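Numbering (my numbering), first residue to last: 5 to 119. As structure tokens, the structure follows; a few thoughts come after it.
Now the structure itself:
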């Protein structure tokens, strides 16, 4: 190794690394806040034209199920299918919301040498 060259990190690279570390710390702080926000969110999945609703948090924690009295006469199998469809709808909406917010939070994060 030539004298004065260190490990291949010039001053510019060190500044990039410091900036990336700072951004990573901001992302970590933002992730904590995002987790809290997602836990408080209520995301609704629906089926049967709104006859069945499943509400879950942004972290996919089930909160409640609402079933219209009108749909009860359709029988257990139909009701089961509608609850399942509403659960899937809520899950997709919840995971999409989480992914979009994480992408927004981490946007622009690059680590020198890894991009």
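All C-beta atoms, glycine included, are put in the ideal place defined by N, C-alpha and C. Nothing here was measured: the structure is a model prediction, and the numbers come from that model.
Per DSSP, the continuous beta strand (DSSP E) segment holding residue 48 begins and ends at 47–51. Looking at the backbone, the Cα of residue 51 and that of residue 33 are separated by about 37 Å. In the three-state reduction of the DSSP assignment, residue 65 falls in the coil class. Around the beta carbon of residue 47, 16 or more other beta carbons sit within 10 angstroms, so the residue counts as buried. A straight line joining the alpha-carbon of residue 29 with that of residue 59 spans about 33 Å. Check the Cα spacing between residue 56 and each of 62, 71, 64 and 66: the tightest is with 71.
Apart from the 5 residues on each side of it in sequence, residue 86 sits with its Cβ closer than 6 Å to the Cβ of 51, 52 and 56 in its chain, given in chain order.
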